[in-house]
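Contents: one structure, followed by commentary.
Protein chains: 2
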Amino acid sequence: MRPWGMAAADPLLPAATTARQPNRLLAAIPPAEQNRLALDLTLVELAAKASLYDIDEPISHVYFPLDCVISVVADLDDETVVEVATVGAEGFAGLPAFLGATSSPHRAFCQVPGQALRLDVDVMHRFFAGDGVLHQLMLRYTQAVTVFLAQNVACNQLHTSEQRCARWLAQTHDRVGRDTFPLTQEFLGQMLGVRRATVSLSAQVLQQAGLIRYRRGLITVVDESGLHAAACSCYDVIRREFEKLP
Amino acid sequence: MRPWGMAAADPLLPAATTARQPNRLLAAIPPAEQNRLALDLTLVELAAKASLYDIDEPISHVYFPLDCVISVVADLDDETVVEVATVGAEGFAGLPAFLGATSSPHRAFCQVPGQALRLDVDVMHRFFAGDGVLHQLMLRYTQAVTVFLAQNVACNQLHTSEQRCARWLAQTHDRVGRDTFPLTQEFLGQMLGVRRATVSLSAQVLQQAGLIRYRRGLITVVDESGLHAAACSCYDVIRREFEKLP
DNA sequence: CAATCTATGTTCGACATCGTACATAGCCTG
DNA sequence: CAGGCTATGTACGATGTCGAACATAGATTG
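Residue numbers (this note's numbering), protein chains in the order written: chain A, 835 to 1080; chain B, 835 to 1080.
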């Protein structure tokens, strides 16, 4: 229903009570497992641009976003950037560490500031020795991420910057759960791997179609379903995959 | 050293002895675990274009390639195709099933014909209940695949068709372990998500530079390191990631 | 050997995006 | 409220790729 939307607060997870929404992975595990894990989770406040892990640097923690959004990006040789994935309350950041790697050629940072629950990587691996429900959920989530990645591969090759722009806005809109959120065209250009001028043109088309409104770093989604229609089918493919998650 | 290259034959895995090389995941697990698994593995011959699983159809088996190469592709609305990943003897096909999904919005088929060891998905999950070494290896491999996917996302957005063409040829060259292999420009165009005419131009540049030779569906890599130089840095990023695997 | 596929070469205008540059205008701060 | 910073609008030619079409030539088959 609401793959990246808000969910009801879960009183069973003490550390999560101060955020506007729980992490959906953590909310889905049995109370006993929640309690066992709660002591090892640290509630952290992530500021915009805060780094979670850097290219080829050790990954020390995984993060379960509560109300923040994380971007995973590739820095190419010529210092251009492309976003390869995003993470919200539906999942966790630190896939490489979960999957047994110690580092990755990509980096993750906070895109939309907010709270997250942090878990030490070594603690996580000890925790999984018992092989509980969370482990299964994280595997299942990993699958959704691979679909997300694969769809991005196809999308970047075949769809116009305007379609991809609309999709990015629609997905972020789903994630933040508000119609208005801060976003500069410069930043969006970096995420999409296109020039700011290209974003400017796409954004104007979307605005003139009455789908969005914006002014100086603040964007508002006016017509959600219109935005979905303006986006490529990748929006639906990805959404469906995430809706399959428990 | 040889992330996608040949490896010495492994006599411990009976079912694999008829192929020119073993599957590297299976070769890396302890003999006891190998023996326990061997009974459930079926040696299959995969013809070119053979389907391993279809879009949104149940995935019944995972495949451990011996000397074949598998393509995972996305079919977009307008019946265009893009390859999102490839799988060789270094890994396995059927990631969605391994990660707990029953189907996926992408499909997998045999690109280079050859042998593979097939494992029933239910049997696999029962086998993993004991949580052995193979499970860990497959997780670790999953990580490499996510890096592969992520790099493809960036690459498709930022690099020229000529660079991507060179990278695809270099990677396939590594995989098949021979300098000459069958490949039409039409097929390569589909994998890269570009027109055949575009491949034709790229291929000519590479040929005139003395890096490759080809004639009617048969391509030969002449200058391997030259081809690496003509490819984008994505080649190295991905190679390094796969070299980290056990 | 002739007929027929099928893979490759090549061309045309069209179009999206690039790289670069400069202009405008909203917002913050002194 | 004046100055400056930063986000956005817009313009230019250059370039890569597209879509479509037609030509050529290697391979296969009767």
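C-beta atoms are modelled at their ideal positions from N, C-alpha and C, and glycine is treated no differently.
Beta-carbon proximity check, residue i vs residue j, cutoff 8 Å
| i | j | result |
| --- | --- | --- |
| V1033 (chain A) | L1022 (chain A) | yes |
| S793 (chain B) | C1068 (chain B) | The question about residue 793 (chain B) has no answer, for chain B in this structure spans 835 to 1080. |
| V1116 (chain B) | R1001 (chain B) | Lying before the first or after the last residue shown, residue 1116 (chain B) is absent from chain B, which here runs from 835 to 1080. |
| Y975 (chain A) | G928 (chain A) | no |
| F1015 (chain B) | V907 (chain B) | no |
| A988 (chain A) | L910 (chain B) | yes |
| A1043 (chain B) | C944 (chain B) | no |
| L951 (chain B) | L900 (chain B) | yes |
| S905 (chain B) | A963 (chain B) | no |
| E879 (chain B) | Q949 (chain B) | yes |
| A984 (chain B) | A919 (chain A) | yes |
| L859 (chain B) | L971 (chain B) | yes |
| N990 (chain B) | Q997 (chain A) | no |
| P1080 (chain B) | A935 (chain B) | no |
Cβ-based neighbour list, residue i, same chain, cut-off 6 Å, excluding 5 preceding and 5 following
| i | result |
| --- | --- |
| D1013 (chain A) | T1054, V1055 |
| E1075 (chain B) | A978, V981 |
| H1007 (chain B) | V1055 |
| W838 (chain B) | Confidence in W838 (chain B) is poor, its pLDDT being 48 and thus under 50, which makes the residue's placement too unreliable to answer from. |
| H993 (chain B) | C1066 |
| E917 (chain A) | S905, V907, M1025 |
| S995 (chain A) | V1028, T1032, S1036 |
CB contact below 8 Å: residue i versus chain A
| i | result |
| --- | --- |
| V1056 (chain B) | no |
| T1032 (chain B) | no |
| F1076 (chain B) | no |
| G1011 (chain B) | no |
| R870 (chain B) | no |
| A1064 (chain B) | no |
| G1027 (chain B) | yes |
| V1039 (chain B) | no |
| L933 (chain B) | yes |
| L951 (chain B) | no |
| N821 (chain B) | Residue numbering for chain B in the displayed model covers 835 to 1080; residue 821 (chain B) lies beyond these limits and cannot be assessed. |
Test: residue i CB closer than 8 Å to a CB of chain B
| i | result |
| --- | --- |
| W838 (chain A) | With a pLDDT of only 48 at W838 (chain A), under the threshold of 50, the placement of this residue in the model should not be trusted, and no figure is reported. |
| N990 (chain A) | yes |
| E803 (chain A) | Missing from the structure shown is residue 803 (chain A); chain A here goes from 835 to 1080 and no further. |
| L860 (chain A) | no |
| T994 (chain A) | no |
| E891 (chain A) | no |
| A919 (chain A) | yes |
| S894 (chain A) | no |
| S938 (chain A) | yes |
| D844 (chain A) | Because the pLDDT of D844 (chain A) is 45, which lies under 50, any placement of that residue in the model is unreliable, and the number read from its coordinates should be weighed accordingly. No - not a single Cβ of chain B is within 8 Å of the one on D844 (chain A). |
| T1006 (chain A) | no |
| R970 (chain A) | Rather than Arg, the amino acid found at residue 970 (chain A) in this sequence is Gln. Judged by the 8 Å Cβ criterion, Q970 (chain A) is in contact with chain B. |
| A841 (chain A) | Confidence in A841 (chain A) is poor, its pLDDT being 43 and thus under 50, which makes the residue's placement unreliable; the coordinate value appears in the next sentence. Answer no: the Cβ-Cβ gap between A841 (chain A) and chain B never drops below 8 Å. |
| P864 (chain A) | no |
Same chain only: Cβ atoms within 8 Å of residue i, ignoring 5 sequence neighbours per side
| i | result |
| --- | --- |
| D954 (chain B) | D874, S894, H895 |
| R1029 (chain A) | G1023 |
| V915 (chain B) | V907, A908, D909, Q1024, M1025, G1027 |
| Q1041 (chain A) | R1047, Y1048 |
| M840 (chain A) | For M840 (chain A), the predicted structure reports a pLDDT of 41, less than 50, and the residue's modelled location is therefore unreliable. A value from the coordinates is still provided. Closer than 8 Å at Cβ, skipping near neighbours: R854, Q855, G1011. |
| V957 (chain B) | D874 |
| F926 (chain B) | N857, L859, V896, Y897, F898, P899, F932, M972, Y975 |
| D888 (chain B) | R941 |
| V1071 (chain A) | V981, Q985 |
| T1051 (chain A) | Residue identity differs from the one stated: residue 1051 (chain A) is Gly in this sequence, not Thr. Within the same chain, G1051 (chain A) has close Cβ partners P1016, L1017, T1018. |
Span of the alpha helix (DSSP H), counted from its first residue to its last, around residue i
| i | result |
| --- | --- |
| R1073 (chain B) | 1068-1077 |
| C999 (chain B) | 995-1010 |
| D956 (chain A) | 955-962 |
| F932 (chain B) | 929-932 |
| L910 (chain B) | Here L910 (chain B) belongs to no alpha helix (DSSP H), and DSSP marks it neither H nor E. |
| P865 (chain A) | 865-872 |
Cβ-based neighbour list, residue i, same chain, cut-off 7 Å, excluding 5 preceding and 5 following
| i | result |
| --- | --- |
| L1045 (chain B) | V1056, D1057, G1060, L1061, A1064 |
| D890 (chain B) | S937, P939 |
| K883 (chain B) | F943, C944 |
Delimiting residues of the beta strand (DSSP E) encompassing residue i
| i | result |
| --- | --- |
| V919 (chain B) | For clarity, residue 919 (chain B) is Ala in the given sequence; the question names Val instead. Looking at the DSSP string, the run of the beta strand (DSSP E) that includes A919 (chain B) is 915-921. |
| Q855 (chain A) | Q855 (chain A) -> no beta strand (DSSP E), and no H or E assigned at all. |
| P899 (chain A) | 895-899 |
| L880 (chain B) | 876-880 |
| C944 (chain A) | 941-946 |
| S937 (chain A) | Careful: S937 (chain A) lies outside any beta strand (DSSP E) and carries neither H nor E. |
Any non-hydrogen atom of the ligand FMN within 7 Å of residue i CB
| i | result |
| --- | --- |
| S1067 (chain B) | Among the components modelled here there is no ligand, and therefore nothing to report on the ligand FMN. |
Problem - Uninterrupted alpha helix (DSSP H) stretches inside the stretch 1017-1071 of chain B (no shorter than 4 residues) - result: 1019-1026, 1030-1042, 1058-1064
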